Each structure stands twice: as C-alpha cells, then as structure tokens.
Amino acid sequence: MIKLFQFEPAFGLPNASPFCMKLETYLRMAGLPFEIPTATLAHLRRAPLGKMPYIEDQGRLLTDSSFIIDDLKLRYGDTLDAWMNPTERATALAFQRLLEENLYWAVVYTRWVEPEGWKLTREAFFGKLPAPLKWIVPPLARRGLIKELHGHGMGRHSREEILAIGRRDITALADFLADKPFFIDARPCSLDACAYAFLANLIWVPLESELKLHAQKYPQLQAYCERMRCRFYH
Ligand SMILES: N[C@@H](CCC(=O)N[C@@H](CS)C(=O)NCC(=O)O)C(=O)O
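In my numbering, the protein residues as written are 119 to 352.
Spelled out as structure tokens, the structure:
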C-alpha cells in the first residue's frame, strides 16, 4: 500500500500544506489505496528533496507532488486526465503553475510574514515540538521562508503589491471556473486536486487575510470547495 508522508492535519483541513493536500486529494480522486503514517516533522528529515509530501510505494521513495502523480499515472493508469485534449491539458498546466508557482508565494507571505498569519502557522507546524525545539525551530524556519520569498522575487514587493498579485490570481481562477462544476469541464481532473487544495487552504483557514476575504467574494469558489469536499472526503 502507498505510504503518504505529510504534515499533520491543521486548520480543520486534511493539510495546511497545499502540496500535501493536493496529493492526498489526487489519491482519493484516483481511488488509489494509501495510508498516512503518523504525521511528524521527523518525516521531513527523510524527505528526498527536503520537502513534503513524498510517498513510499513498492519499496521506492518518490517525491514532489507532480512527479509523484505522473509516476502513479504510469503505474496505475490515468483515470482522471486521459479524456483531456491538448488545449485542456495546456490550460490545466497553466492554472497549476499559477497556483503553485505564484499564488502559493503570496499565501506564504500572508502566513509566514504577516504577524497574524505567523501566529497560526507557528502553532500549526511547530505547536507539537518539545521544548526547547519549539522555541528554536520556528524562527529559523521563518527566516528560511523569508529568504525563499526573496529568492522567488515575490518577497521583494511591498505588502500591497503582493496582495494585489494574489488577488489577480484569485480573480482569474474565479472567472475561469465561472459556473462549471470543475475547473476544466463537468468531469474532475487532476488540476482539481491542486485547485481544491490551494483554494481550501485560503477559504477555510482561520486566518482573515486579505486574500481569503477576496476569495470569499466569489461564491463559485466556495461552492467548488464544498463540491470537492463532499465528493472526495466522505
Ligand atoms: N514542488 C513540491 C513543493 C512541496 C513544498 O513546497 N512543500 C513544503 C510545504 S508546502 C515543504 O515541505 N517545506 C518544508 C521545507 O522547505 O523545509 C511539490 O509539489 O511537492
């Protein structure tokens, strides 16, 4: 059975990491049996690229949610995306990149840099660490994330600019989803695993960030998250 290594559930969500929640959602959507070994930060030390999620399957460790999904498709069949035409595939990839390579960093800013977000993030990811680690690790991790934000480029912008970038992405997602049940069509595809994980991590977290407030202006995004939850987490 596939072992899924990820952070422990937080914020009332399966995972506070959108990448972990994306992979868990994909496994559920594809109907692949998996188990989640007791989540602990110690798993992160075994992670092949130092990031979660990763899986252990048939004696192999695989990492990166997208590479894992590609590998699972090859070995267990592609039940979710096989129906898509090249234009739909290209569109799905473009939205995946918007979520993972751009909106993600605006969300990281609201969670790791803004003081209200940091309070919640600190508790969600490090709340269970024993002393003295729970005093030492969080500020180091936060410093690392701030460095990454700077390296990505997002962190070089002002707060207002970062929020404007995030709001534009959210508006694009809402406009493209419009009144469709799923992102590409009436059928869910693997982009929906990603979109749901990122949107739920905005709309359903107990952090009243400006990005959450913006996302909540679009009833279709809320209805979409509800639809995905009912269909794949029951
Ligand atoms: N491209 C990776 C991104 C995974 C990722 O960024 N994971 C973050 C959590 S959201 C992580 O494990 N960070 C821990 C660290 O950088 O130390 C994927 O798709 O799996």
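All residues carry an ideal CB built from backbone N, CA and C; glycine is no exception.
Note that the coordinates shown come from a computational prediction; the quantities given were computed from them, not determined experimentally.
Asked	Found
Between which two residues does the beta strand (DSSP E) harbouring threonine 143 extend?	Here threonine 143 belongs to no beta strand (DSSP E); instead the alpha helix (DSSP H) covers 136-148.
With alanine 304 and leucine 317 assumed to form a contact (beta carbons below 8 Å), what rounded beta-carbon distance in angstroms separates them?	Actually they are not in contact, since the Cβ atoms of alanine 304 and leucine 317 sit about 19 Å apart, beyond 8 Å.
For isoleucine 120, write down the residues that DSSP places opposite it in a beta bridge.	Phe152
Starting from aspartate 287 and walking both ways along the alpha helix (DSSP H), at which residues does that stretch end?	277-295
For the alpha helix (DSSP H) that glutamate 266 lies in, which residues bound it at each end?	251-270
In whole angstroms, give me the CA-to-CA distance for arginine 193 and glutamate 278.	45 Å
Say yes only if the C-beta of lysine 169 is nearer than 7 Å to one or more non-hydrogen atoms of ligand 1, and no if none qualify.	yes
Is it right to say methionine 170 is buried, meaning 16 or more other beta carbons lie within 10 angstroms of its own, or is it exposed?	buried
So, at 6 Å on beta carbons, what are the nonlocal neighbours of serine 135 in its own chain, with the 5 sequence-adjacent residues on each side left out?	Phe125
May I ask you to check if the CB of aspartate 182 is nearer than 7 Å to at least one heavy atom of ligand 1?	yes
Between which two residues does the beta strand (DSSP E) holding aspartate 175 run?	172-175
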